[in-house]
Amino acid sequence: GAGVSQSPSNKVTEKGKDVELRCDPISGHTALYWYRQSLGQGLEFLIYFQGNSAPDKSGLPSDRFSAERTGGSVSTLTIQRTQQEDSAVYLCASSPRSGPETQYFGPGTRLLVL
Amino acid sequence: ELKVEQNPLFLSMQEGKNYTIYCNYSTTSDRLYWYRQDPGKSLESLFVLLSNGAVKQEGRLMASLDTKARLSTLHITAAVHDLSATYFCAVAETSGSRLTFGEGTQLTVNP
Chain A
202 GAGVSQSPSN KVTEKGKDVE LRCDPISGHT ALYWYRQSLG QGLEFLIYFQ GNSAPDKSGL
262 PSDRFSAERT GGSVSTLTIQ RTQQEDSAVY LCASSPRSGP ETQYFGPGTR LLVL
Chain B
6 ELKVEQNPLF LSMQEGKNYT IYCNYSTTSD RLYWYRQDPG KSLESLFVLL SNGAVKQEGR
66 LMASLDTKAR LSTLHITAAV HDLSATYFCA VAETSGSRLT FGEGTQLTVN P
């Protein structure tokens, strides 16, 4: 079956602009996660959704970052007023439910802020 | 705060040799994951270890978990070039679902 998909695959933006990153989880997966991967910081957790609610958003680095999930499926991560330090690969993962299930990762969105 | 440490961070080995990657973590957990990442690609799940003493094997890779020592190992047997990749361990705190990742071990298998 189809895996986790993300779009766009690459995004180049200018400092100060807003960006939206999209994640389509595996069908039927109720848990959805956002992480980012950068050279300096490694892999960091950002936010976790169970259904449409976000029980854990403690990893969002600033109030410029927000995310939503609608219909228990697609999620959008929005970064407002982007900064150069936001440049990273943003990875989305999903699992059948929260807990001990494997998290399946999407291909990521590579964001470059100039 | 949960900390996850891997060692070594870089490993260059010859085909046919055996080696072990270590993953230590700092707080109680009974859920540990190993992932593989090829350059420019996403993370591929290798193993999920859910209990003390758990051992799983797939091909030339074997993972184990000792929750008392807060240690997991990924053992590579008779390495082949196709195993060249970065390997990450990740730990979930018992009370939550977020994963905390180690720094990754970049493995290069030389012919």
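Respectively, the protein sequence lines represent chains A and B. For the first sequence, the tail end lands on 315 under the numbering used here, and the numbers increase by one without skipping. For the second sequence, the tail end lands on 116 under the numbering used here, and the numbers increase by one without skipping. Just so it is clear, CB atoms sit at the ideal spot from N, CA and C, and this is done for glycine as well.
With respect to the C-alpha of residue 53 (chain B), the residue from B:65, B:35, B:43, B:45 having the closest C-alpha is B:35. Burial state of residue 74 (chain B) is exposed, judged by a 10 Å Cβ sphere holding fewer than 16 other Cβ atoms. Residue pairing by DSSP leaves residue 275 (chain A) without any beta bridge partner. In summary, the residues of the region 298–313 of chain A whose CB is separated from some CB of chain B by less than 7 angstroms are 299, 300, 301, 303, 304, 305, 306, 307, 308, 309, in the order they occur in the chain.
Between the C-alpha atoms of residue 308 (chain A) and residue 204 (chain A) there is a straight-line separation of about 9 angstroms. B:107 is the residue among B:65, B:107, B:87, B:90 whose C-alpha sits nearest the C-alpha of residue 77 (chain B). A direct Cα-Cα distance of roughly 16 angstroms separates residue 69 (chain B) from residue 23 (chain B). A distance below 8 angstroms separates the beta carbons of residue 291 (chain A) and residue 237 (chain A). Per the coordinates, the alpha-carbon of residue 55 (chain B) lies some 15 angstroms from the alpha-carbon of residue 28 (chain B). The distance from the Cβ of residue 242 (chain A) to that of residue 299 (chain A) is about 24 angstroms, inconsistent with a contact at the 8 angstroms cut-off. If you compare the alpha carbons of B:39, B:62, B:101 with that of residue 10 (chain B), the shortest gap goes to B:39.
Excluding sequence positions up to five before and after residue 114 (chain B), its CB lies within less than 7 angstroms of the CB of 18, 20, 84, 85, 86, 88, 89, all in the same chain and listed in chain order.
Per the DSSP secondary-structure output, residue 245 (chain A) pairs in a beta bridge with A:237. Distances from the alpha-carbon of residue 247 (chain A) to those of A:211, A:287, A:314, A:315 put A:287 closest.
Of the other Cβ atoms in all chains shown, fewer than 16 fall within 10 Å of the Cβ of residue 33 (chain B); this residue is therefore exposed.
By the beta-carbon neighbour count (other beta carbons within 10 angstroms, threshold 16), residue 284 (chain A) is exposed. Neighbourhood of residue 104 (chain B) in chain A, by CB distance below 9 angstroms: 234, 236, 244, 246, 294, 304, in chain order. Assigned with DSSP and collapsed to three states, residue 86 (chain B) falls in helix.
In the structure shown, the three-state DSSP call for residue 257 (chain A) is strand. By the criterion of a C-beta distance shorter than 6 angstroms, residue 255 (chain A) is surrounded in its chain by 248, once the five residues flanking it on both sides are discounted. Not a single CB atom of chain A sits nearer than 8 angstroms to the CB of residue 15 (chain B). The Cβ of residue 291 (chain A) sits no closer than 8 angstroms to any Cβ of chain B.
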